[in-house]
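Undergrad: Residue numbering for the sequence shown follows our numbering, starting at 9 and increasing by one per position. Glycine included, each C-beta is placed from N, C-alpha and C at the ideal position. Bear in mind that the values here come from a model prediction, so they are computed numbers and not experimental data. Submitted below is the structure of interest, expressed as structure tokens.
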Amino acid sequence: MHIDTRLAQIGNKTDVKTGAVSTPIHMSTTFGHPGFGQSTGFDYARTKNPTRQTLEDAIAALEGGFRGFAFASGMAAISCLFGLFEQGDHLILSHDLYGGTYRLIEQILPKQGITSTLVDTGDLAAVERAVQANTKAIFVETPTNPTVRITDIRGIVEICERYGLISIIDNTFMSPYLQRPLDLGADLVVHSATKYLGGHNDVLAGLAVAREEALAERVYFLQNSIGATLGPHDCWLMMRGMKTLGLRMDRHQENAMLVAKWLTTHPAVKKVYYPGLEGHEGRDIQIAQAKGYGGMLSFDLRSEELVGPFLEHLQLITFAESLGGVESLITYPSKQTHFDIPQEIRESVGVTDTLLRLSVGIEHYEDLIEDLQGAITAAEAAVRTTEEVQG
9 MHIDTRLAQI GNKTDVKTGA VSTPIHMSTT FGHPGFGQST GFDYARTKNP TRQTLEDAIA
69 ALEGGFRGFA FASGMAAISC LFGLFEQGDH LILSHDLYGG TYRLIEQILP KQGITSTLVD
129 TGDLAAVERA VQANTKAIFV ETPTNPTVRI TDIRGIVEIC ERYGLISIID NTFMSPYLQR
189 PLDLGADLVV HSATKYLGGH NDVLAGLAVA REEALAERVY FLQNSIGATL GPHDCWLMMR
249 GMKTLGLRMD RHQENAMLVA KWLTTHPAVK KVYYPGLEGH EGRDIQIAQA KGYGGMLSFD
309 LRSEELVGPF LEHLQLITFA ESLGGVESLI TYPSKQTHFD IPQEIRESVG VTDTLLRLSV
369 GIEHYEDLIE DLQGAITAAE AAVRTTEEVQ G
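So this is what it looks like as structure tokens:
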């Protein structure tokens, strides 16, 4: 079946006893045994829960993997996957990572004896040069957060196969509706499911999928041991959101393309980062490995002085962290999502004090453009007034 059909049918026909179309929420933390030495397949909710099982089966099917895993947040999912590694191991990661992932690899993993190297994973030669004798995995965001750089997933997989490494792809920006890394040979895929998969800014969750059984068993051991699993009600919310993923993603990227093109024409905007734009580095790779460009874009304003008044004068678009919901959100990465990354590293990958990240929602694109235009006009007026007063 087409992915749109599979999304709409998530949870349906899973409760044979009642015929419930919406999968039930099983709030029980423990499950009775039919008899001595017998089990229904469910014993304790941390280990397995029927509602969570339905969600995990759904994401595994959507990503084309052997087994799915639901976690309390995207960072809980990433932390669990990093639990696959041990003292003395080395990891290679995209150099313009989400700030939370950067914080994990720089402040927590070193205490466990795990080292890492940040590389422009769009440069496969640089990735291969970074491989060490103790390298165990390559972790890639594509597109990256927030400068939407593209990495050739097949190329990363080939390097991993050559050196016996695990390939991990953060698919948050694309979702399985637009990109399926496991089909391209990746070993693991991970999502901050809070974003596009949930889609409504109302549930915190992380999802991961393993392509093959052996690795899935290792991840399951960690998930059960660590225990940062997603509660049944949140699993139900996640499935409800995922049912409309296809409809939402189509509208997100339609709007994003129109907004990105408009931003390129405005004199107050220095640069726009969106894979759908002609000339975007890696666009051809994106076309080859995905079904679209997504709903995320970033742009640099002409000067840092414009940023504050611009954000303050937005009326429709909300100045807030996170992304992927139906409502458009704008973020100032250097002071919010990527603040923990040292300034010199941030700026080297384009996360400057003029960069803004826009999660384009499903509103009418004309209203979004009007809001951006009004905020820029007001910001320019505020800067002129300040200059006149100071002058």
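1. Tell me the DSSP secondary structure of TYR52 in three-state form.
2. Going by C-alpha to C-alpha distance, which of ALA216, LEU70 and LEU238 sits closest to THR37?
3. Leaving out five residues before and five after LEU15 in sequence, what residues of the same chain have Cβ atoms less than 8 Å from its Cβ?
4. Identify the continuous alpha helix (DSSP H) that holds ARG75 and give its terminal residues.
5. Could you please give me the residues that DSSP links to THR360 through a beta bridge?
6. With a cut-off of 8 Å on the beta carbons, I'd call ASP97 and ILE113 a contact; round off their distance for me.
7. Buried or exposed for TYR282, going by 16 or more other Cβ atoms inside 10 Å?
8. For ILE177 versus VAL148, is the C-beta distance shorter than 8 Å?
9. What three-state label does DSSP hand SER330 in the structure shown?
10. Identify whether ASP178 lies in helix, strand or coil by the three-state DSSP scheme.
11. Suppose you measure from the CA of ASP308 to the CA of THR362; what does that come to, to the nearest Å?
12. Put ILE349 into one of helix, strand or coil per three-state DSSP.
13. Please state the DSSP three-state secondary structure of MET35.
14. Mind checking which residues open and close the alpha helix (DSSP H) that includes ALA390?
15. Determine the direct distance from the alpha carbon of PHE327 to that of ALA389, and round the result to whole angstroms.
16. Over the uninterrupted alpha helix (DSSP H) stretch that includes HIS321, give me the two end residues.
TA: The structure says:
1. Within the sequence shown, residue 52 is the residue found at index 44, counting from 1. Correct three-state label for TYR52: strand.
2. Numbered from 1 along the sequence shown, position 29 holds the residue referred to as residue 37. Looking at the Cα atoms, LEU238 is the closest of the given residues.
3. Within the sequence shown, residue 15 is the residue found at index 7, counting from 1. Cβ within range, chain order: LEU70, TYR185, MET250, LYS251, THR252, LEU253 and GLY254.
4. Position 67 of the sequence shown, counted from the start, is the residue given in the question as residue 75. Per DSSP, ARG75 belongs to no alpha helix (DSSP H); it is in the beta strand (DSSP E), 75 to 79.
5. Position 352 of the sequence shown holds residue 360. Note: THR360 sits in no beta bridge, so no partner.
6. Position 89 of the sequence shown holds residue 97. Position 105 of the sequence shown holds residue 113. No, ASP97 and ILE113 are not in contact; Cβ-Cβ is about 12 Å, not under 8 Å.
7. Taking the sequence shown and counting its residues from 1, the one referred to as residue 282 is at position 274. So TYR282 ends up on the buried side.
8. In the sequence shown, the residue the question calls residue 177 occupies position 169. In the sequence shown, the residue the question calls residue 148 occupies position 140. Result yes, Cβ atoms of ILE177 and VAL148 sit closer than 8 Å.
9. Residue mapping note: residue 330 aligns to position 322 of the sequence shown, counting from 1. If DSSP states are grouped into helix, strand and coil, SER330 belongs with coil.
10. Along the sequence shown, one-based indexing puts residue 178 at 170. Three-state DSSP puts ASP178 in a strand.
11. Here residue 308 refers to the residue found at position 300 of the sequence shown. Here residue 362 refers to the residue found at position 354 of the sequence shown. For ASP308 and THR362, the distance between alpha carbons rounds to 5 Å.
12. The residue labelled residue 349 in the question sits at position 341 within the sequence shown. Three-state DSSP puts ILE349 in coil, outside helix and strand.
13. Within the sequence shown, residue 35 is the residue found at index 27, counting from 1. Residue state, collapsed to three classes: coil.
14. As a first step, residue 390 is located in the sequence shown; it is residue number 382 there, counting from the start. Note, ALA390: alpha helix (DSSP H), 373 to 398.
15. As a working mapping, residue 389 is identified with position 381 in the sequence shown. As a working mapping, residue 327 is identified with position 319 in the sequence shown. Taking the straight line from one Cα to the other gives about 20 Å.
16. As a first step, residue 321 is located in the sequence shown; it is residue number 313 there, counting from the start. Note, HIS321: premise wrong, no alpha helix (DSSP H); not H, not E.
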